[in-house]
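Numbering (UniProt numbering), first residue to last: 1 to 220.
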């Protein structure tokens with residue numbers, strides 16, 4: 001508890017681990033809260049939790065409460081899952097997919113994701129998982145980064161079409177992107193143009209400075 005209170009004055013690192021996928025991972029007490037960071041960005045809790053909470057609010061907590069199933073691609077420490085369970089009060093099934101086994105260990109040890117009864121954690125590549133799954137989802141949250149880099153497949157037609165296929169009618173995609181310059185803004189504009197009249201797409205720029213959120217509703 002001393003470290004927690006001291007962290008209001010300065011951050012206190014309590015765990016560090018190198019990972020083949022995420023390189024450097026750090027668990028830190030910061031302003032009285034445990035956060036998970038990579039070398040150059042926040043992975044869970046902290047600013048990332050604020051970003052995804054805003055996205056969930058845009059969709060609507062009441063609406064999400066009536067959903068049956070949520071897919072989270074990119075779990076990290078699980079801040080969006082904690083928001084779903086503790087703030088949204090979502091009681092349906094949550095499937096969390098995370099490629100980095102070290103991150104999953106941290107999520108269980110420090111952020112207690114293993115204590116969430118309606119969560120199934122899957123260690124797998126997101127691209128591979130969406131190819132294999134036979135389930136459909138009311139909400140698909142995409143939050144995949146390797147430090148400050150986003151994998152190219154997230155913006156490719158095949159992945160987009162597959163995600164759209166897995167989404168139920170009247171369901172939502174919540175997609176968190178990082179925008180650091182002109183190329184990223186152009187990439188996001190092209191991404192937005194890939195959805196036809198069967199989808200309602202909204203883009204929310206400059207969330208926590210460098211993040212841009214998409215909410216995409218499937219209409220038919």
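Note that beta-carbon positions come from the ideal geometry of N, C-alpha and C, so glycine has one too.
Can you tell me where the alpha helix (DSSP H) holding residue i begins and where it ends?
i	result
residue 104	101-111
residue 64	61-65
If you draw a straight line from the C-alpha of residue i to the C-alpha of residue j, how long is it?
i	j	result
residue 9	residue 30	9 Å
residue 172	residue 216	5 Å
residue 21	residue 146	7 Å
residue 181	residue 91	39 Å
residue 27	residue 220	42 Å
residue 160	residue 64	22 Å
residue 119	residue 36	19 Å
residue 198	residue 218	6 Å
residue 200	residue 32	38 Å
residue 106	residue 185	32 Å
residue 12	residue 34	9 Å
residue 202	residue 38	29 Å
residue 59	residue 25	31 Å
residue 49	residue 81	10 Å
residue 79	residue 194	29 Å
Find out if the Cβ-Cβ distance for the pair residue i, residue j is shorter than 9 Å.
i	j	result
residue 94	residue 84	yes
residue 17	residue 102	yes
residue 177	residue 152	no
residue 154	residue 129	no
residue 77	residue 126	no
residue 131	residue 96	no
residue 191	residue 158	no
residue 179	residue 170	no
Got a sec, what are the start and stop residues for the beta strand (DSSP E) residue i sits in?
i	result
residue 122	119-123
residue 97	93-98
residue 14	12-19
residue 79	Looking at the DSSP string, residue 79 is not in any beta strand (DSSP E); the run it does join, the alpha helix (DSSP H), is 79-82.
residue 216	211-218
residue 30	23-30
residue 221	Summary: the structure shown does not reach residue 221, with the chain confined to residues 1 through 220, and so no result is reported for it.
residue 35	33-37
Any heavy atom of the ligand HEM closer than 8 Å to the CB of residue i?
i	result
residue 122	Only the bare structure without any ligand can be found here, which leaves the ligand HEM out of the picture.
**Asked** Taking three-plus beta-carbon pairs below 8 Å as touching, is the segment 155-168 in contact with the segment 122-141?
**Response** They touch, by the three-pair rule.
**Prompt:** With contact counted as at least three CB pairs below 8 Å, one residue from each stretch, are the segment 52-66 and the segment 204-218 in contact?
**Reply:** The segment 52-66 is in contact with the segment 204-218.
**Prompt:** So, do the segment 140-150 and the segment 105-122 have three or more beta carbon pairs nearer to each other than 8 Å?
**Reply:** no
**Item:** Uninterrupted alpha helix (DSSP H) stretches inside the segment 123-200 (no shorter than 4 residues)
**Value:** 126-132, 157-166 and 182-193
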